[in-house]
Structure formats: C-alpha cells, structure tokens
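Engineer: Chains as they are written, first to last, in this note's numbering: chain A, 81 to 196; chain Z, 2 to 115. For each residue, glycine too, the CB sits at the ideal point set by N, CA and C.
1) With a cut-off of 8 Å, do at least 3 Cβ pairs link the stretch 84-93 of chain A to the stretch 55-66 of chain Z?
2) Bridge partners for residue 72 of chain Z per DSSP, in chain order?
3) Nearest chain A C-beta to residue 107 of chain Z closer than 7 Å, yes or no?
4) Alpha carbon to alpha carbon, how far is residue 90 of chain Z from residue 29 of chain Z? Give it in angstroms, no decimals.
5) Throw me the rounded Cβ distance for the residue 91 of chain A and residue 192 of chain A pair, which I believe falls under 8 Å.
6) Against chain Z, which members of the stretch 122-137 of chain A pass a CB distance test of less than 8 Å?
7) Here's a check: name, in chain order, each residue in its chain whose Cβ is nearer than 6 Å to the Cβ of residue 14 of chain Z, leaving out the five neighbours to either side.
8) When the Cα atoms are used, what is the spatial distance from residue 50 of chain Z to residue 96 of chain A?
9) Excluding the 5 residues preceding and the 5 following residue 70 of chain Z in the sequence, name in chain order all residues of the same chain whose CB lies nearer than 7 Å to its CB.
10) Any idea if residue 95 of chain Z is buried or exposed, counting beta-carbon neighbours within 10 angstroms, 16 or more meaning buried?
11) DSSP state of residue 144 of chain A, grouped into three classes?
12) Please work out which residues of its chain come closer than 6 Å, Cβ to Cβ, to residue 196 of chain A, disregarding the five sequence neighbours upstream and downstream, and give them in chain order.
13) When DSSP labels each residue in this structure, what does residue 108 of chain A get in the three-state scheme?
14) Give every residue of the same chain whose Cβ lies closer than 8 Å to the Cβ of residue 152 of chain A, excluding the five residues on either side of it in the sequence, and list them in chain order.
15) Could you give the DSSP three-state label for residue 3 of chain Z: helix, strand or coil?
16) To the nearest angstrom, how far is it from the Cα of residue 46 of chain Z to the Cα of residue 110 of chain A?
17) Below 6 Å CB to CB, which residues in the same chain sit around residue 114 of chain A once its five sequence neighbours on both sides are set aside?
18) Closer than 9 Å, Cβ to Cβ, to anything on chain A: give me those residues from the stretch 41-62 of chain Z, in chain order.
19) What's the C-alpha gap between residue 112 of chain A and residue 138 of chain A?
20) Taking any Cβ of chain A, which residues in the stretch 18-32 of chain Z have a Cβ under 8 Å from it, in chain order?
21) Do the CB positions of residue 41 of chain Z and residue 65 of chain Z come within less than 7 Å of each other?
22) Which residue marks the beginning of the beta strand (DSSP E) containing residue 167 of chain A, and which one marks its end?
23) By DSSP's criteria, residue 25 of chain Z is part of a beta bridge. Which residues make up the other side?
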C-alpha cells in the first residue's frame with residue numbers, strides 16, 4: 081500500500097542553523113507530494129506541494145525536490161528561525177482517478193524546536 | 002472568509018459514553034475529511050466525503066466511529082462507545098473538488114476519555 085516515512089523527532093536546532101527533514105514514500109501510482117506545517121493549537125496548513133517528478137517546491141525559505149528515482153522529498157531550510165518551531169508533515173496524494181484523487185497519506189510528523 | 006470550524010475544542014468523556022464532534026467546512030468545498038491525530042501514529046484518515054457521499058471510511062475505525070454529512074455545510078463524527086484509547090485530537094479538513102487540491106484543516110477537538 082501507499083506509505084510515507086519521515087525523520088523521527090524531536091529535532092532541536094539553534095537559530096541560524098540548517099534543517100533537513102527526510103521523507104521517503106512508497107506507492108505504485110504517480111503521486112503529488114506535499115509538506116504541511118502545524119503550529120501549536122492549530123490544524124496543519126499547506127507549506128507547498130509538487131505535482132511533478134524532478135521539480136522543486138518552496139515557500140517561506142523551505143524547499144524540497146521531488147526525486148522520483150530515490151522516492152524521496154526531503155525538506156530543507158538553510159537558516160531556521162525560532163518561529164519555525166512546529167510539526168512538519170510529509171504527505172502524498174496517489175494519482176488515482178476517481179474518488180480518491182484528494183486523499184492524502186501522511187507521515188507521522190517531525191517536531192522541530194528552534195532555540196534562540 | 003471563514004475557515005473550517007470545529008466544536009467543541011475540548012471534550013472529556015467517561016468510558017462507554019457517546020460523543021459527537023461537529024465540523025463546518027469552508028463554504029464551497031465539496032470534499033470533507035476526518036482525521037485522528039496522535040503522537041505515535043500521526044494523522045490517520047477516519048472518513049472521506051465527496052459531495053456528501055462517503056468515499057472512504059477508514060477501515061479499522063468502522064466499528065465505533067461513524068461520520069455523517071447531512072448537508073454540504075455540516076458534518077458530525079460520532080464515537081460510540083468511547084474507550085480510553087480514543088483519547089486524541091480529531092481534525093476535520095475540507096477541500097475543493099479537484100485533483101490534488103489543498104486541504105484546509107480546522108483547529109481540532111481534543112478528546113480525553115477517562
């Protein structure tokens with residue numbers, strides 16, 4: 081079946097350091113890949129999505145490249161800020177024509193804490 | 002524009018009780034999702050509706066969990082009977098009907114079962 085595996089947290093960094101959260105996926109279909117972010121007390125919100133292989137998505141200084149060969153979609157940021165402290169979810173939407181087109185499969189989430 | 006609304010924000014139940022959680026999706030969205038969120042399992046899909054029709058009911062959650070969508074602007078999730086292992090955050094999300102459309106999440110209901 082479809083699945084997503086990502087870096088287990090928590091991850092603790094100092095402000096100004098770089099971030100990588102690994103994400104690997106399994107599916108027999110042609111997925112669109114997503115990163116969602118969840119701040120305390122809120123629901124997850126979309127960070128960005130990438131529908132095509134070998135393309136890059138980015139938002140708020142975060143970026144990830146859809147690597148079809150490696151089945152990976154690692155999240156990176158060059159310099160984290162305290163305000164980036166949140167839970168980050170990698171997700172895939174299998175390309176399934178018909179009713180499941182919008183269904184998402186989420187990873188277990190990675191809690192990031194950034195210290196000033 | 003109003004986002005996804007969930008009520009109540011917090012719920013405490015005794016084991017064996019019936020609880021009903023409510024969700025109002027973003028106006029105009031035809032897809033609605035219910036998820037359970039725990040630290041160990043992350044986000045697990047409970048139910049998925051498209052234009053009020055149930056598309057997926059989350060398999061393992063069938064026996065005590067029932068989601069309904071009586072109209073396009075309101076959905077409920079009933080848990081009957083509750084068990085302590087049901088303690089979690091329950092999230093509702095909605096999206097436009099379009100392939101790979103962004104899901105908009107509500108703030109969630111934190112359920113504690115004693």
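Structural biologist: Straight from the coordinates:
1) With a cut-off of 8 Å on Cβ pairs, the stretch 84-93 of chain A is not in contact with the stretch 55-66 of chain Z, counting fewer than three such pairs.
2) Per DSSP, the beta bridge partners of residue 72 of chain Z are Z/75.
3) Taking Cβ atoms only, chain A reaches closer than 7 Å to residue 107 of chain Z, which makes this a yes.
4) Distance between the alpha carbons of residue 29 of chain Z and residue 90 of chain Z is about 25 Å.
5) Right, their Cβ atoms sit about 5 Å apart.
6) When CB distances to chain Z are screened at a threshold of 8 Å, the residues of the stretch 122-137 of chain A falling below it are 122, 123, 124, 125, 126, 129, 131, in chain order.
7) So the list reads 20, 83, 114, once near-sequence residues are dropped.
8) So the alpha carbons of these two residues sit roughly 43 Å apart.
9) Closer than 7 Å at the Cβ level, and outside the excluded window around residue 70 of chain Z, lie 33, 50, 53, 76.
10) Under this definition residue 95 of chain Z is a buried residue.
11) In the three-state reduction of the DSSP assignment, residue 144 of chain A falls in the strand class.
12) Excluding residues up to 5 positions away in sequence, 95, 162 lie with their Cβ nearer than 6 Å to the Cβ of residue 196 of chain A in the same chain.
13) Three-state DSSP puts residue 108 of chain A in coil, outside helix and strand.
14) Taken in chain order, the residues that qualify are 102, 103, 104, 105.
15) Residue 3 of chain Z carries a coil assignment under DSSP once its states are collapsed to helix, strand and coil.
16) Computed Cα separation, rounded: 20 Å.
17) 129, 171.
18) Taking 9 Å as the Cβ-Cβ cut-off against chain A, the residues of the stretch 41-62 of chain Z that qualify are 41, 42, 43, 44, 45, 46, 49, 51, 54, 56, 57.
19) Taking the straight line joining both Cα atoms gives about 14 Å.
20) Cβ contacts with chain A come from 32.
21) No, these two residues do not count as a Cβ contact at 7 Å.
22) Looking at the DSSP string, the run of the beta strand (DSSP E) that includes residue 167 of chain A is 166-173.
23) Partner residues in the beta bridge of residue 25 of chain Z, as assigned by DSSP, are Z/6.
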